[in-house]
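To start, the structure itself, in C-alpha cells.
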Amino acid sequence: MFDNLSEKLQRVFKNMRGEGRLSAANMEDALREIRVALLEADVHFRVVKQLLENVKQKAMGEEVLTSLTPTQQVIAIVKDELVKILGSHESKPRFANEPPSVYLIVGLQGSGKTTSTAKLARWLSKNGHRPTMVSVDVYRPAAREQLRILAREVDVPIYTGAENETKPIDLARSARRETVQSGRDVLLVDTAGRLHIDDELMTELKQLKELLNPVEILFVADAMTGQDAVRSADEFHKALGITGCILTKMDGDARGGAALSIRHITGQPLKFVGVGEKTTAFETFYPERAAQRILGMGDVLSFIEKAQEAFDSKEQEKMQQKLLDNEFSLEDFRDQIRSIRKLGPLESLLGMMPDMGIMKELKNVKVDEKEINRIVAIIDSMTRKERVNHMLINGSRRRRIARGSGTSVQDVNQLLKQYTQARKMMKSFSGGMLSGALGKKLGKMKLPVF
Ligand SMILES: Nc1nc2c(ncn2[C@@H]2O[C@H](COP(=O)(O)OP(=O)(O)O)[C@@H](O)[C@H]2O)c(=O)[nH]1
Ligand SMILES: [Mg+2]
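Residue 177 in this note's numbering is what sits at position 148 of the sequence shown, and the numbering runs on without skipping anything.
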C-alpha cells in the first residue's frame with residue numbers, strides 16, 4: 030500500500046538529509062521535489078497545492094532551523110499535513126437513531142461494491158451489530174448470486190426477494206421491511222454499477238436514497254484507477270451526497286494518491302480500505318497510519334516528539350555556551366547522559382527511524398545501558414565542588430566516590446578519562462554536542478551522544 034509514493038518521498042527526504050542544514054533556498058528545492066513526488070503518485074493537483082502551501086508556511090514560520098535537525102522537522106510537518114488531508118481521525122460508520130440503519134453502497138462497475146458489502150457485513154457482525162444485505166443489481170443476475178455466495182461465507186442473512194420483485198425500488202422496500210421484522214439493525218444495499226456515470230443510474234440511486242433515507246451512502250472507489258476514482262467520487266457526491274468512501278484494492282500496486290485526494294475533493298471521509306479479495310481483507314482507515322505508510326518512515330513522529338522532549342533547544346544552547354567557556358562540568362556531562370537515557374534504549378529508538386543511510390550504520394552501534402547507569406551513579410557520588418571542578422578529585426576522593434557509588438577506583442578513573450576526552454572532543458566540534466566515533470557519524474544530527 031502506498032509503496033510508490035513512499036519511495037518517491039523517501040528519496041526526496043534522503044536528498045534533504047544530505048544538506049545537513051536547511052535554508053530558504055534548499056527548502057524551495059525540497060518543496061519542488063515533494064510536489065513532483067506527490068503528482069507522480071497521482072495526488073490531485075489541488076490537493077498538492079494546498080499541502081505544499083501549508084507545509085511551506087509552517088516550515089518557514091516555526092523555529093525549524095533551531096532544535097534538532099531541520100529536515101526532520103520538515104518531515105514531521107509534511108506528515109502532519111498528510112494526516113490533516115486524510116482526515117485526522119478515523120471515521121466510524123454511523124447508525125440511525127431508529128433502526129434499521131440503511132447503508133447504500135454505490136460506485137462504478139467492478140470497483141468492488143459487492144465484495145465490500147459482504148466485507149462490511151462481516152465487520153458489522155464482528156462489532157456487535159446484526160446486519161442483513163440485499164442486492165438491487167437487477168441487471169446482472171450473476172451479481173445477485175455473487176452476493177448470495179458471499180453472504181453464506183460471512184454468515185450474514187440476505188434478502189433475495191420474491192419472484193415478482195424485479196425492480197430495485199421494490200426489492201429495497203421489501204428488504205427494509207424484512208430487516209425490521211427480523212430484528213436486524215443494519216441493512217446493506219448493494220447497488221448496480223455502470224462503466225461510466227449515466228443519468229439512468231443516478232436517477233435510480235436517487236430514488237433509492239429517497240425511499241430508504243440511508244444514514245450512510247458509501248462510495249466504493251477502486252484505488253487502482255487513480256484520478257478516475259477521484260473524479261467519479263466527486264460526481265457521485267455532487268449528484269447523491271455521499272457520506273464516506275471505501276477504498277478498495279489497496280493491496281495492489283495502487284499509487285495511493287487517490288486516497289489523499291478523495292477526502293480533500295469531496296470533503297467526505299475514507300472509512301474503510303479493502304486490501305484483498307477475501308472477505309477478511311478489510312480494515313478501518315486510519316489517517317495517521319496511512320500518512321506514515323505514505324512517508325514510509327516508521328514511527329518518525331513519535332521519535333521526534335521524544336527527542337524534542339529530551340533535548341530542549343534552549344538547554345542545548347546553554348550547554349554549547351558552557352563548552353565554549355570551558356565550563357562544561359561533570360554535572361553537565363551527567364545531564365547529557367541522562368537526556369540520552371530519557372529517550373529510552375537507543376536500539377528501540379533507532380528502530381523507529383527510517384531504514385536508510387546514516388541510520389543503517391547507527392543500528393550497529395550499541396549503547397550499554399549499564400554503562401550509563403554506572404556513569405550517573407559515580408557522578409552522583411561526588412560533591413558539588415568535585416562536579417564543578419574535576420581537578421579536585423585526587424586519590425582519596427576517588428576511593429570515596431568508588432565506595433559511595435558501588436564501583437571501583439578503576440571505574441572512577443575511566444569515567445574521568447571519558448569526561449576529559451569528551452570535553453576535548455566536543456570542543457573540536459564547532460558548536461556541536463558530540464564526541465567519539467559515534468559523534469562523528471551523528472555530527473550532522475546534533476544529537477548529544479557520547
Ligand atoms: N485485490 C483486491 N481485489 C478486490 C478488492 N475488492 C474487490 N476486489 C475484486 O474486484 C473485482 C470486482 O469486485 P466486485 O465486488 O464484483 O465489484 P462491483 O462490480 O463493484 O460489485 C472482484 O474480482 C473482486 O474480487 C480488494 O480490496 N482487493
Ligand atoms: Mg456488484
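For every residue, glycine included, the Cβ atom is placed at its ideal position computed from N, Cα and C.
Nearest residue (CA-CA) to residue i, options the options
i      : options                           : result
Tyr403 : Leu445, Thr313 and Met253         : In the sequence under discussion, the amino acid at residue 403 is Arg, which differs from the Tyr named in the question. Of the candidates Leu445, Thr313 and Met253, the one whose C-alpha sits nearest the C-alpha of Arg403 is Leu445.
Cys274 : Val84, Ala171 and Ser140          : Ser140
Arg260 : Glu312, Val183, His293 and Ala88  : His293
Asp184 : Ala191, Val84, Lys87 and Thr309   : Thr309
Arg318 : Ala88, Ser117 and Gly190          : Ser117
Val218 : Ser434, Tyr315 and Lys148         : Lys148
Ile114 : Gly286, Glu360 and Pro186         : Gly286
Glu57  : Ala88, Ala70 and Ala258           : Ala88
Gly264 : Asn242, Asp228 and Gly281         : The question names Gly, but residue 264 is Glu in the sequence shown. Nearest C-alpha to Glu264: Asp228.
Glu360 : Lys347, Ile408, Lys351 and Asp354 : Ile408
Phe311 : Gly222, Trp152, Gly270 and Val72  : Trp152
Arg177 : Gly157, Asn193, Asp199 and Thr146 : Thr146
Gly270 : Arg363, Phe357 and Leu133         : Leu133
Sequence-distant residues of the same chain with beta carbon closer than 8 angstroms to residue i, five excluded per side
i      : result
Thr412 : none
Arg123 : Ser130, Val244, Glu245 and Thr272
Ser482 : Coverage of the chain is limited to positions 30 through 479, which leaves residue 482 absent and any answer about it impossible.
Gly281 : Ala252 and Met253
Arg202 : Leu240
Ser425 : none
Burial state of residue i, where buried means 16 or more other Cβ atoms lie within 10 Å
i      : result
Tyr188 : buried
Met160 : This sequence places Pro at residue 160; Met is not what is there. Pro160 is buried by the Cβ-count criterion.
His266 : buried
Gln365 : buried
Leu224 : exposed
Lys155 : exposed
Ala204 : buried
Tyr168 : exposed
Phe332 : Low confidence applies here, because Phe332 scores a pLDDT of 48, under 50, leaving its location unreliable; read the following figure in that light. The residue in question, Phe332, is buried, as its Cβ has 16 or more Cβ neighbours within 10 Å.
Thr195 : exposed
Lys142 : buried
Gln350 : exposed
Met420 : exposed
Ala486 : This structure gives no information on residue 486, because the portion of the chain shown stretches from 30 to 479.
Gln297 : buried
Ser290 : buried
Ala451 : buried
Ser434 : buried
Close Cβ partners of residue i (< 6 angstroms) along its chain, the five nearest in sequence each way excluded
i      : result
Leu276 : Ala250, Ala252, Ala288, Leu299 and Val302
Ile422 : Glu415
Pro488 : This structure cannot speak to residue 488, because the chain is shown only from 30 to 479.
Ser377 : Below a pLDDT of 50, predicted positions are generally treated as unreliable, and Ser377, at 49, falls in that range; the measurement from the model is reported next regardless. None.
Glu119 : Thr313 and Tyr315
Ala21  : Since the first residue of the chain shown is 30 and the last is 479, residue 21 is not available in this structure.
Met231 : Ala268
His158 : Asp214 and Val215
Cutoff 7 angstroms; reference residue i; Cβ partners in own chain excluding five residues on either side
i      : result
Glu334 : In this prediction, Glu334 has a pLDDT of 48, which is less than 50 and means its spatial position is unreliable; nothing more can be read from the coordinates.
Met279 : Met30, Ala252, Val302, Gly303 and Val304
Glu239 : none
Leu68  : Phe74 and Val77
Glu207 : Tyr188
Glu110 : Leu80, Asn83 and Val84
Pro197 : Val165, Val167, Glu233 and Leu237
Arg173 : Ser164 and Asp166
Any non-hydrogen atom of ligand 2 closer than 7 angstroms to residue i Cβ
i      : result
Lys142 : yes
Ala150 : no
Ala201 : no
Ala172 : yes
Asp166 : yes
Asp227 : no
heavy atom of ligand 1 below 7 angstroms from residue i C-beta
i      : result
Lys278 : yes
Glu306 : yes
Val249 : yes
Ser145 : yes
Ala494 : Residue 494 lies beyond the residue range present for the chain, which begins at 30 and ends at 479; the question has no answer from this structure.
Gly136 : yes
Gly212 : no
Gln447 : no
Gly139 : yes
Gly303 : yes
Gly255 : no
Gln443 : no
8 angstroms Cβ cutoff, residue i in contact with chain B
i      : result
Gly433 : Included in the structure is just one protein chain, with no chain B present.
Item to complete: Let me know the alpha helix (DSSP H) ranges lying completely inside the region 107-180, each 4 residues or longer, listed in chain order.
Response: 142-155
Worksheet entry | Inside the region 397-464 only - alpha helix (DSSP H) runs reaching at least 4 residues | 398-409, 413-417, 424-434 and 438-457
Worksheet item: In the region 206-241, which residue ranges form an unbroken beta strand (DSSP E) of at least 3 residues, counting only runs that do not cross its ends?
Response: Secondary structure remark: continuous beta strand (DSSP E) runs of at least 3 residues inside the region 206-241, in chain order: 215-219.
Worksheet item: Where in the region 249-290 do unbroken runs of the alpha helix (DSSP H), each at least 4 residues long, occur, reported from the N-terminal end onward?
Response: 256-269
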